[in-house]
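These protein sequences, in sequence, are chains A and B.
Position in the first sequence (from 1) plus 110 gives the number in our numbering.
Position in the second sequence (from 1) plus 110 gives the number in our numbering.
Note that the Cβ used here is the ideal one computed from N, Cα and C, for glycine as well.
Everything on this sheet refers to the single structure shown next.
Protein chains: 2
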Amino acid sequence: MNARLAAPADLDTVGALLDQFNREYEEPTPGPSWLAARLAELGDTEVLVIGEPICGLAVVRCRRSLWTPGLECHLAELYVVPERRGRRLGRSLMEGVLERARARGADHVELNTEQTDVAARALYESLGFSNRAGGEVSYYYELELQV
Amino acid sequence: MNARLAAPADLDTVGALLDQFNREYEEPTPGPSWLAARLAELGDTEVLVIGEPICGLAVVRCRRSLWTPGLECHLAELYVVPERRGRRLGRSLMEGVLERARARGADHVELNTEQTDVAARALYESLGFSNRAGGEVSYYYELELQV
Chain A
111 MNARLAAPAD LDTVGALLDQ FNREYEEPTP GPSWLAARLA ELGDTEVLVI
161 GEPICGLAVV RCRRSLWTPG LECHLAELYV VPERRGRRLG RSLMEGVLER
211 ARARGADHVE LNTEQTDVAA RALYESLGFS NRAGGEVSYY YELELQV
Chain B
111 MNARLAAPAD LDTVGALLDQ FNREYEEPTP GPSWLAARLA ELGDTEVLVI
161 GEPICGLAVV RCRRSLWTPG LECHLAELYV VPERRGRRLG RSLMEGVLER
211 ARARGADHVE LNTEQTDVAA RALYESLGFS NRAGGEVSYY YELELQV
């Protein structure tokens, strides 16, 4: 099964899946309809989906690189619903992400993932991603600002 | 000493410092003038500088968040020339980064750094950054695409 680019008509489903994603991991979510509307207005963002009905997605955000004439792409989200895991849908989504990144002129794809998420890490590493591209292990740090 | 936003007249110096940065770490660089021109055209990117003459910089790139109405900001580069290190200039730059991120309406700042870069990690952690914001250690992964 191959991933495909989400169409505008898919965004309600995509919003619902993203909402489900964050609820599964007990992260805050603004709700399905807000997410669908947000995705429609984020010009730098593409969603790949898989399944009929859709049961998995990848969200990719690209910007122009500082160091090269190309794009750098960030895998913002990767999700497959629990009941469809273990069927290589995540791999198909990631293959779609890389194919699409190349087609858009990206020369760099990045992502962050937790040390304990061994299935995801094995998938990323099998596709060539490295958490020691500079020689040493790279950490991802974040800070939430009060607004 | 406080950081300040780089002005257009500073971009040649900024390009030279970024070029020096990558040469110090034996990373490829497109050269000072290319970098200065690129920074001038990247509308999502701000540079903070410190020193007179300028001896340090921070490059911050922001985009609209997928999950909130705010901005998410990425610390793309942080550099102080070798002969000026150990004087808390990196801290002043980071304080400027956070102040500017708040002023722009960011609710999230992220960065990646190597495990062995203990001075930088101590600085980031002292400012509240965490590499286990989700509970587990987060890794930063990257893949270079052939173009």
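Counting every other CB atom within 10 Å of its CB across the protein chains shown gives Thr226(A) a total below 16, marking it as exposed. Comparing alpha-carbon positions, the option among Asp217(A), Leu152(A), Val190(A) and Gly180(A) lying closest to Gly161(A) turns out to be Val190(A).
Residue state for Ser175(B) is assigned as coil, using DSSP reduced to three classes. Counting along the chain, Ala230(B) sits inside the alpha helix (DSSP H) bounded by residues Val228 to Ser236.
Using beta-carbon distances, Asp120(A) does not count as an interface residue toward chain B, since no partner is under 9 Å.
In the DSSP annotation of this structure, the continuous segment of the beta strand (DSSP E) that includes Asp217(B) starts and ends at Ala216 to Glu224. Listed along the chain, the chain A residues whose CB falls inside 9 Å of the CB of Asn222(B) are Glu220, Asn222, Ser248, Tyr249, Tyr250 and Tyr251. When rounded, the separation of the alpha-carbon atoms in Ala211(B) and Pro118(B) is 20 Å. Boundaries around Val159(B) are those of the beta strand (DSSP E), Thr155 to Ile160, since no alpha helix (DSSP H) includes it.
Against chain B, the CB of Glu187(A) has a partner CB under 9 Å away; the residue lies at that interface. Using a Cβ-Cβ distance cut-off of 8 Å, the segment 192–202 of chain B and the segment 219–233 of chain A are not in contact, since fewer than three pairs of beta carbons, one from each stretch, lie closer than that value. Inclusion of Leu185(B) and Val219(B) in the CB contact set at 9 Å is warranted, their separation being smaller than that value.
Nearest to Asp217(B) by C-alpha distance, out of Leu255(A), Val159(A) and Glu136(A), is Leu255(A). For Ala147(B), the closest of Arg214(B), Cys165(B), Ser175(B) and Gly125(B) by C-alpha to C-alpha distance is Gly125(B).
A straight line joining the alpha-carbon of Asp122(B) with that of Ala232(A) spans about 43 Å. The Cβ atoms of Ala168(A) and Leu158(A) lie closer than 9 Å to each other. Taking 9 Å as the Cβ-Cβ cut-off, the segment 170–181 of chain B approaches chain A at Arg171, Arg173, Arg174, Ser175, Leu176, Trp177, Thr178, Pro179 and Gly180, given in chain order. Within 10 angstroms of the beta-carbon of Met204(A) lie 16 or more other beta-carbons, which makes it buried. Here the alpha carbon of Thr178(A) sits roughly 10 Å from the alpha carbon of Pro138(B).
When the Cα atoms are used, Gly215(B) and Arg114(A) turn out to be separated by approximately 34 Å. The C-alpha of Glu134(B) is placed about 14 Å away from the C-alpha of Gly166(B). In the three-state scheme derived from DSSP, where H, G and I count as helix and E and B as strand, Arg242(B) is classed as coil.
Non-local beta-carbon contacts of Ser248(A) in its own chain, meaning distances under 7 Å to residues more than five positions away in sequence, involve Asn241 and Arg242 in chain order. Per DSSP, Glu187(B) lies in no alpha helix (DSSP H); the unbroken beta strand (DSSP E) holding it starts and ends at Leu181 to Val190. Taking 8 Å as the cut-off between beta carbons, none of the residues of the segment 194–206 of chain A comes near chain B. Selection Arg174(A), Met111(A), Thr155(A) and Leu253(A) evaluated against Pro163(A) yields Met111(A) as nearest (Cα-Cα).
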